[in-house]
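A.B. asks: Its first residue numbered 23, the sequence shown is counted upward by one per residue in the working numbering.
By construction, the Cβ of each residue, glycine as well, lies at the ideal position given by its N, Cα and C atoms.
Since we're looking at a predicted model, the values are computed, not measured.
The structure's right below; bear with me while I get my questions together.
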Amino acid sequence: MSFFLCPLSLSRSLFVLLSLLLSLPSPLSSQTYYVKAPFEGRFKTAHEKWICELDGYDLSTEDMDRTCDQNDIGQIFCYGKILEAINYFGEHTMFNNDFKHIVDRPLKKSAAETVADFKRIFGVTEWKDFKVTKMNDSTTVATLKTFVREHFGNADKFLDSPQPVDWKENPPKLQNIADPQLKTFANQLHGLWKKLGKKMPESAKENKSTLIYVPNPFVVPGGRFREFYYWDAYWIVRGLLASGMTESVKHMCNNYAEMVNKFGFVPNGGRIYYNKRSQPPFLTFMVNDYFAETGDTEYLKTILPVLEKELNFWRTRRSVKVNLDGKHKTFYQYRAESNVPRPESFCQDVDTVRHIPEMAEKKRIWREIASAAESGWDFSSRWMEEDPKGENETLKWKMTRLMITKIVPVDLNALICGNLEMLSNLYHQIGDKEKANNYHKEFQAFREDVHELFYEDGGWFDFNLNDQKRNTRFYGSIVVPLFTRCYRTADVEETEKLLTKLEKFNRDDKILSHKFGVATSAIASGQQWDFPNIWPPLAHMMIEGLRRSGIKRMEDKAKEMAEQWVSANHKLYNKCRNYMFEKTTADKGTPGGGGEYNVQIGFGWSNGGILDLLVTYGKEMKVKELPKVECSVKEVVEEPNEFP
23 MSFFLCPLSL SRSLFVLLSL LLSLPSPLSS QTYYVKAPFE GRFKTAHEKW ICELDGYDLS
83 TEDMDRTCDQ NDIGQIFCYG KILEAINYFG EHTMFNNDFK HIVDRPLKKS AAETVADFKR
143 IFGVTEWKDF KVTKMNDSTT VATLKTFVRE HFGNADKFLD SPQPVDWKEN PPKLQNIADP
203 QLKTFANQLH GLWKKLGKKM PESAKENKST LIYVPNPFVV PGGRFREFYY WDAYWIVRGL
263 LASGMTESVK HMCNNYAEMV NKFGFVPNGG RIYYNKRSQP PFLTFMVNDY FAETGDTEYL
323 KTILPVLEKE LNFWRTRRSV KVNLDGKHKT FYQYRAESNV PRPESFCQDV DTVRHIPEMA
383 EKKRIWREIA SAAESGWDFS SRWMEEDPKG ENETLKWKMT RLMITKIVPV DLNALICGNL
443 EMLSNLYHQI GDKEKANNYH KEFQAFREDV HELFYEDGGW FDFNLNDQKR NTRFYGSIVV
503 PLFTRCYRTA DVEETEKLLT KLEKFNRDDK ILSHKFGVAT SAIASGQQWD FPNIWPPLAH
563 MMIEGLRRSG IKRMEDKAKE MAEQWVSANH KLYNKCRNYM FEKTTADKGT PGGGGEYNVQ
623 IGFGWSNGGI LDLLVTYGKE MKVKELPKVE CSVKEVVEEP NEFP
């Protein structure tokens, strides 16, 4: 008997141990994990801290530029009393304190049935007579929770998670990484493509969710960003190319081409509530890098007209005239076409304007908020008018003082400039000399205009239309003309002045002296696109711009920055549950913070930017010794099958 009991006891122990191991969150599992964000310590209830009701205004009837025009599903997810009610009672209805979650959940019934059920359950005859503040009793709140649970499905499980078809173990480029620790790190990041790869099911066509259907698989950023995004994709593409996954890159480019053909531009992301804003224009950059890797001229012939169509969107709907030496020159702005609360941040946007009585001013601020989101920098002191009465950095920079539509951003114009040069080169590759020459001339002329408007004392800076001055504070955008090669490349002395300018900023604000990398700005505004956060796109563009300058001192600085930033992410990855984060901090090396949501796990552009640099510097980069870091992530959660 004992002969059999001992192995049985051992097998039970092994089974229990195996079960525990399998229950731990793995970065390679198909589940999506979130840093836990409880309401406790932030606000008691949604309606006591955040004022999420519109005081009788009806976004469906007011003279509004709404985020989406679909009258059926839009009245649930983009505007209307259902969205307002669910946000108002967010403590009870929002998973993980995230207001985006509800607008990403698919409907279990049709839009018409969902609206009819809400009206019946809550006794709504006319929307104009319905106020969410009258729903405060506990019985009504419990009924609302039941309504949400019975009418809204699971957001994370709605998308399929197939392994990318071209993913393979040990991609050749990663085998050239000399440092054993960094080689292991690169292969771990390569493995994350399997977790972040998604495809839309056929049911996404049924008009029961906010997803914009695309036919091809894609890679998502991760966490709450569970759909495809626009400018994130450029760094994802860089990483996929490092992984040898050119077919996945082509799939993503084709999806964005579908968006251009459908809407005339690439939306901010793959949701209908992003339909009135874009993001920094990187599609031409993606196609350019895909072509450099594959030499696929037949593909160029099909997609080049799409790239021109996207450029035309910026020319016709985002351009502005600026007087340069008596001549009116064309430049570009972020200027979203909506003036309502963003559905994915409905409560925050309503609360932002709660002390502003005039509806016209509310609408102005909401347009500024959406325009700042279009920039990708949501949000930053860069887009705000400083309040001289503010007692500290946080109080000096307020969302109500956003003024991005009065700013001509240097980075956007440098990207348009890069688009022009790449279109010239790509048309040359397919033998269309006329278009190649025309775009080259346009590039040369616009490069000079960019210099005239944005360049000052060794750097490139945003131009303020109100005071007709440049904002000469340090922001990571200063390097984008260097990255896109929208500068006088033949003028070595002028080019080297950028590094001199960065060194001056370092003497003043210590921007190059932090142990874990270069922060987005030197201003601790409390917004996420400010100090102390490091954002992968800016870190990568700074490094690549300096590396490709052709100037030894700048190239050396690029290598130093690359080694520092890659090592910082490597250290945090190993310290913090083998997770990658959307942003990190320059001073402490921890996951980033600030802004309107918790730091996200994944993460597409972090993985991609670092993989690209590991391949670029693979034979010479080594792990840099850095101070100890603390993992601020104490608990992660995943979306339950039903909520609430």
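To the nearest angstrom, report how far apart G624 and T54 are at their CA atoms.
C.D. replies: Counting from 1 along the sequence shown, the entry for residue 624 is found at position 602. Counting from 1 along the sequence shown, the entry for residue 54 is found at position 32. If I take the Cα positions, the gap works out to 9 angstroms.
A.B. asks: Could you compute how far the alpha carbon of I294 sits from the alpha carbon of A134?
C.D. replies: Here the question's residue 294 lines up with position 272 in the sequence shown. Here the question's residue 134 lines up with position 112 in the sequence shown. Using only the alpha carbons, I get a separation of about 18 angstroms.
A.B. asks: Please report the residue range of the beta strand (DSSP E) in which E660 lies.
C.D. replies: Mapped onto the sequence shown, residue 660 falls at position 638. Note, E660: beta strand (DSSP E), 658 to 660.
A.B. asks: Short of 7 angstroms in beta carbon distance, which residues of its chain neighbour L218, apart from the five on each side in sequence? Order them along the chain.
C.D. replies: Taking the sequence shown and counting its residues from 1, one reaches residue 218 at position 196. These residues qualify, in order along the chain: V241, V242, G244, G624, G626.
A.B. asks: Assign E383 to one of two classes, buried (16 or more other C-beta atoms within 10 Å of its C-beta) or exposed (fewer than that).
C.D. replies: Taking the first residue of the sequence shown as position 1, residue 383 is located at position 361. So E383 ends up on the exposed side.
A.B. asks: Straight-line CA distance for V259 to N310?
C.D. replies: The sequence position of residue 259 within the sequence shown is 237, counting from 1. The sequence position of residue 310 within the sequence shown is 288, counting from 1. So the alpha carbons of these two residues sit roughly 11 angstroms apart.
A.B. asks: How is the beta strand (DSSP E) around T352 delimited, first residue to last?
C.D. replies: Within the sequence shown, residue 352 is the residue found at index 330, counting from 1. Looking at the DSSP string, the run of the beta strand (DSSP E) that includes T352 is 349 to 354.
A.B. asks: For L346, does the three-state DSSP call read helix, strand or coil?
C.D. replies: Looking up residue 346 in the sequence shown gives position 324. Residue state, collapsed to three classes: strand.
A.B. asks: Skipping 5 residues on each side, what residues in its chain have a beta carbon closer than 7 angstroms to that of K646?
C.D. replies: Position 624 of the sequence shown, counted from the start, is the residue given in the question as residue 646. Cβ within range, chain order: E585, Q586, S589.
A.B. asks: Which residues share a DSSP beta bridge with T606?
C.D. replies: If you number the sequence shown from 1, residue 606 lands on position 584. Answer is I556, P613, bridged to T606.
A.B. asks: Please go through the same chain and pick out, in chain order, the residues whose beta-carbon is closer than 7 angstroms to the beta-carbon of G291, but skip the five residues on each side of it.
C.D. replies: To locate residue 291, count along the sequence shown from 1; it is residue 269. Correct list, in chain order: E249, F250, Y251, Y252.
A.B. asks: Taking the C-alpha atoms as reference points, what is the distance between F538 and G398?
C.D. replies: Translated into the one-based positions of the sequence shown, residue 538 becomes position 516. Translated into the one-based positions of the sequence shown, residue 398 becomes position 376. Distance between the alpha carbons of F538 and G398 is about 23 angstroms.
A.B. asks: For I378, does the count of other Cβ atoms within 10 angstroms reach 16, so buried, or fall short, so exposed?
C.D. replies: The residue given as residue 378 occupies position 356 in the sequence shown. Looking at its Cβ environment, which holds fewer than 16 other Cβ atoms inside 10 Å, I378 is exposed.
A.B. asks: Reducing DSSP to helix, strand and coil, say where N325 ends up.
C.D. replies: One-based indexing of the sequence shown puts residue 325 at position 303. The sequence given here has Ile at residue 325, not Asn. Reduced to three states, the DSSP call for I325 is helix.
A.B. asks: DSSP has W482 in a bridge; who is on the other side?
C.D. replies: Taking the sequence shown and counting its residues from 1, the one referred to as residue 482 is at position 460. BP columns for W482 point to Y477.
A.B. asks: Between E396 and I452, what straight-line distance do the alpha-carbon atoms span, to the nearest angstrom?
C.D. replies: The residue you call residue 396 lines up with position 374 of the sequence shown. The residue you call residue 452 lines up with position 430 of the sequence shown. Approximately 33 angstroms, taken between the alpha carbons.
A.B. asks: Report the partner residues of D489 according to the DSSP bridge assignment.
C.D. replies: Walking along the sequence shown from the start, residue 489 turns up at place 467. Beta-bridge pairing links D489 to no other residue.
A.B. asks: Contact between the segment 100 to 112 and the segment 72 to 86 is defined here as three or more beta-carbon pairs at a separation below 8 angstroms; is this criterion met?
C.D. replies: The segment 100 to 112 vs the segment 72 to 86: in contact.
A.B. asks: Would you mind giving the Cβ-Cβ distance between V430 and L504, rounded to the nearest angstrom? I have them listed as a contact below 8 angstroms.
C.D. replies: In the sequence shown, counting from the first residue as 1, residue 430 sits at position 408. In the sequence shown, counting from the first residue as 1, residue 504 sits at position 482. Contact flag wrong, Cβ pair sits at about 18 angstroms.
A.B. asks: CA-CA distance, N176 and V362?
C.D. replies: In the sequence shown, residue 176 corresponds to position 154, counting from 1. In the sequence shown, residue 362 corresponds to position 340, counting from 1. For N176 and V362, the distance between alpha carbons rounds to 26 angstroms.
A.B. asks: Could you check whether L594 and G20 sit closer than 8 angstroms to each other, using their CB atoms as the reference points?
C.D. replies: As shown, the chain starts at 23 and ends at 666. That puts residue 20 outside it, with no answer to give.
A.B. asks: For the alpha helix (DSSP H) containing Y312, list its first residue and its last residue.
C.D. replies: Reading the sequence shown from its first residue, position 290 is the one you call residue 312. Taken as a continuous stretch (DSSP letters only), the alpha helix (DSSP H) holding Y312 covers 305 to 316.
A.B. asks: Rank L233, D489, M444, K284 by C-alpha distance to the C-alpha of N345 and give the top, closest one.
C.D. replies: Locating residue 345 in the sequence shown gives position 323, counting from the first residue. Comparing Cα positions, the closest option is D489.
A.B. asks: According to DSSP, is F247 part of a helix, a strand, or is it coil?
C.D. replies: For the purposes of this step, residue 247 is identified with residue 225 of the sequence shown, where counting begins at 1. Of the three classes helix, strand and coil, the one that applies to F247 here is strand, per DSSP.
A.B. asks: According to DSSP, is V670 part of a helix, a strand, or is it coil?
C.D. replies: Because residue 670 is not part of the residues shown, which for the chain are 23 to 666, the question remains open.
A.B. asks: When you compare only the Cα positions, how much space is there between A138 and K230?
C.D. replies: Locating residue 138 in the sequence shown gives position 116, where the first residue counts as 1. Locating residue 230 in the sequence shown gives position 208, where the first residue counts as 1. Approximately 15 angstroms between the Cα atoms of the pair.
A.B. asks: Determine the burial state of N283: buried for a count of at least 16 other Cβ atoms within 10 Å of its Cβ, exposed for fewer.
C.D. replies: As a position in the sequence shown, residue 283 is number 261, starting the count at 1. N283 should be labelled exposed.
A.B. asks: Sorted by chain position, which residues of the same chain lie with C-beta nearer than 7 angstroms to T165's C-beta, five sequence neighbours on each side aside?
C.D. replies: Position 143 of the sequence shown holds residue 165. The residues are I143.
A.B. asks: Rounded to the nearest angstrom, what separates K227 and E456 at their Cα positions?
C.D. replies: Numbered from its first residue, the sequence shown carries residue 227 at position 205. Numbered from its first residue, the sequence shown carries residue 456 at position 434. Between K227 and E456, the C-alpha separation is close to 41 angstroms.
A.B. asks: Does G398 come out as helix, strand or coil in the three-state DSSP assignment?
C.D. replies: Position 376 of the sequence shown holds residue 398. If DSSP states are grouped into helix, strand and coil, G398 belongs with coil.
A.B. asks: Taking 8 angstroms as the cut-off, decide whether the C-beta atoms of N591 and I545 are in contact.
C.D. replies: Looking up residue 591 in the sequence shown gives position 569. Looking up residue 545 in the sequence shown gives position 523. Not in contact: N591 and I545 (Cβ atoms no closer than 8 angstroms).
A.B. asks: Please confirm whether H473 has its beta-carbon closer than 8 angstroms to some beta-carbon of chain B.
C.D. replies: Protein chain content of the structure displayed is limited to a single chain, and chain B is not contained in it.
A.B. asks: So, with DSSP's three-state summary, where would you put M406?
C.D. replies: Position 384 of the sequence shown holds residue 406. Strand, per DSSP.
A.B. asks: Would you give the residue range spanned by the beta strand (DSSP E) that Y55 belongs to?
C.D. replies: As a first step, residue 55 is located in the sequence shown; it is residue number 33 there, counting from the start. Where Y55 is concerned, the enclosing beta strand (DSSP E) stretches over 55 to 57.
A.B. asks: With a cut-off of 8 angstroms on the beta carbons, I'd call C369 and C74 a contact; round off their distance for me.
C.D. replies: Residue mapping note: residue 369 aligns to position 347 of the sequence shown, counting from 1. Residue mapping note: residue 74 aligns to position 52 of the sequence shown, counting from 1. The pair is a contact, with the Cβ atoms about 4 angstroms apart (cut-off 8 angstroms).
A.B. asks: Looking only at C-alpha atoms, which of V501, D479, V502 sits nearest to R492?
C.D. replies: Indexing the sequence shown from 1 puts residue 492 at position 470. Measuring from the Cα of R492, the nearest candidate turns out to be D479.
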